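As structure tokens, the structure follows; a few thoughts come after it.
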Amino acid sequence: MTTVLVFLDHAGASLAKSERELLSLGASLGEVTVALAGDADQAYLDGVGSYGVQQVYRPDSAAVSEVLVAGKAAFLAEAVRTTGAGIVLLGNSYEAKEIAARLGVRLGAGVITDVVALAADLTATKSDFAGSYTVDCRVTTDVAILTVKPNSFDAIEAGGPSSPHEVRLPVDLPAAVARVTGRVDKPVSGRPELAEARVIVAGGRGVNGDFTPLEALADALGGAVGASRAATDAGWIEHSAQIGQTGKTVSPQLYISVGISGAIQQKAGMQTSKVIVAINKDADSPVFEIADFGIVGDLFTVLPQATEEIRKR
Ligand code: FAD
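In terms of this note's numbering, the sequence shown is numbered consecutively and its last residue is 446.
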């Protein structure tokens, strides 16, 4: 049976949805072992165990997290050698992709990023060139390294020992050319992370600086607020909210596009959403070409009505 090494870079008290999706995907491909970079409490480890994971590998030194991504790549390479893993699964953040690339170089292994579907023979589906092409590709080396987009796979618990066995791995850290000296926590908004959210309400230039009606709708739906680059460049919302080619890629169950024209660079980040609803006052806007449902109207009229209706239910 293939050993599947799932890399978790833990930063919370419980398993994130994207981490559960990775573990579940791993369990469908072989025997899952976890490489865990950060600290973890018992509840987190129990959560990992509920996906049938029997062993969790951790670095023997906290310094792994202090040398940017190089330390984590060194740790993962050691974990692959120790476990004999044939598949390595990581998340799809910028950091995870860089770790994957460095790991690929260390192991001489092929890397596929942005995976949204995976066949039994490990043929991976991803989109390329800002979503212009959907590509099926497969790694031909002994070890396959895959970074997986959130919301692409279901998170189904497999059942297993409540507490996996922990193994400390000695890691030969590369000389640090840059060191992490501190981390700044983002202010807590009470809304889900964009990458994790089941519902996203995203606004563009059409909101004209006022995201209040979008925030109200997002809160009524328990969703997150995102934006086009026009809105983030205008300083109406923080840059971390940008969705698209040079922003985040998201695949929520429901993406509500508000006052966004649907440029190819915006589409690149959201077109794998399960259901897309577009609200735009221009009936000829290209956004309607990718929308499952479209509302032609002024967002400042449509959104308050929609929010009020949803709150009543
Ligand atoms: P616009 O194109 O100006 O569209 C505004 C829309 O709002 C219009 O369709 C209008 O009809 C509608 N509207 C106006 N008022 C109302 C109202 N009251 N009610 C309802 N509808 C209204 N863009 C991204 O989004 N993400 C990226 O990651 C990204 N990366 C890029 C990378 C590169 C290299 C380049 C060159 C561009 C990138 N862009 C990106 C920019 C992209 O090309 C577009 O310029 C941008 O997406 C446009 O944003 P928008 O749709 O909000 O604005």
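Note that the Cβ used here is the ideal one computed from N, Cα and C, for glycine as well. Quick caveat: nothing in here was measured; it's all calculated off a predicted structure.
DSSP places Lys414 in the coil class of the three-state scheme, outside both helix and strand. Taking the CA atoms as reference points, His372 sits about 24 Å from Leu223. Nearest to Glu299 by alpha-carbon distance, out of Asp193, Arg446, Ser147, is Asp193. Residue range 345-354 is occupied by the alpha helix (DSSP H) that includes Asp352. Only exposed fits Thr274, as fewer than 16 other CB atoms lie within 10 angstroms of its CB.
Not one heavy atom of the ligand FAD sits closer than 6 Å to the Cβ of Ala367.
At a cut-off of 6 Å, the beta-carbon of Arg362 counts as near the ligand FAD: some heavy atom of the ligand is closer than that. According to the DSSP assignment, Thr382 belongs to no beta strand (DSSP E), since it is labelled neither H nor E. Per DSSP, Ile393 lies in no beta strand (DSSP E) segment and is marked neither H nor E. Under the rule that a run must span 4 or more residues, the alpha helix (DSSP H) segments found entirely inside the stretch 199-233 read 201-216. For Ile428, the enclosing beta strand (DSSP E) covers residues 426-429.
A Cβ-Cβ distance of about 10 Å is found for the pair Val358 and Ala364, leaving them out of contact under the 8 Å criterion. One thing to note: Val167 has its Cβ no nearer than 7 Å to the Cβ of Val197. Placement of the Cβ of Gly264 at a distance of 6 Å or more from every heavy atom of the ligand FAD is found.
Residue burial annotation: Gln375 is buried, with at least 16 other C-beta atoms found within 10 angstroms of its C-beta. Positions of the alpha helix (DSSP H) runs, each at least 4 residues long and wholly inside the stretch 150-175, are given as 150-162 in order along the chain. For Val313, same chain residues with a beta-carbon under 8 Å away, outside a window of 5 residues either side, are Ser198, Glu199, Val200, Leu201 in chain order. At a cut-off of 6 Å, the beta-carbon of Ile393 counts as near the ligand FAD: some heavy atom of the ligand is closer than that.
Not one heavy atom of the ligand FAD sits closer than 6 Å to the Cβ of Lys381.
Between the stretch 336-352 and the stretch 232-239 there are fewer than three inter-stretch CB-CB distances shorter than 8 Å, so the stretches are not counted as touching. Ala229 and Thr280 have their C-alpha atoms spaced approximately 7 Å apart.
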